[in-house]
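Here's the structure, in structure tokens; my notes come after.
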Amino acid sequence: MPTKSNDIPGAFDAGNSMLVQHPQVKHWLIVGMNDNTVLGGVRATEGQGFKAPDVIGIGINGVDAVNELSKAQPTGFYGSLLPSPDIHGYKTSEMLYNWVTKGVEPPKFTAVTDVVLITRDNFKEELAKKGL
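The UniProt record's numbering applies: residue 1 is where the sequence shown begins, and numbers increase by one.
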């Protein structure tokens, strides 16, 4: 669903619009470009009476998910993909260096595979591994 902004309020508004347009849907998968867009969608489902077992929200970033994953009661926010900025930064620098010094143009698409799904069960351990 398109959002006006990439934050919780923008995703909340977009989520509410989607929920109103599709009242027949009883289970939702919510993904977004960051944790906050997913959190906005999850808040929208909560506002419409959906319970955690009927919603699976998976964000990207990890750090913004800590408060949600720390809550005593589970919500529809299942987890977040935690990237490895140190590895991504190194690979980016290496590709740029090879392009500038050796003429080896980097691929147009580089898959990001060094990510970990953090959930309520493992987020403290995984963040500690990253020094966060």
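In this text, a Cβ means the ideal position worked out from N, Cα and C, and glycines have one as well.
Does the contact criterion of 3 or more C-beta pairs under 8 angstroms hold for the region 50–59 versus the region 10–18? Taking 8 angstroms as the limit for Cβ pairs, the verdict is that the region 10–18 does not touch the region 50–59.
Do ASP54 and HIS88 have their CB atoms nearer than 8 angstroms? No. Outside cutoff.
Per DSSP, the bridge partner or partners of SER80: Note: SER80 sits in a beta bridge opposite GLY59, ILE118.
Return the bridge partner residues of LEU29 from the DSSP annotation. Here LEU29 is bridged, per DSSP, to ILE56.
I'd like the list of long-range same chain contacts for ASP35, defined as Cβ closer than 6 angstroms, with 5 residues on each side in sequence excluded. Closer than 6 angstroms at Cβ, skipping near neighbours: GLY59, ASN61, ASP64, ALA65, SER80.
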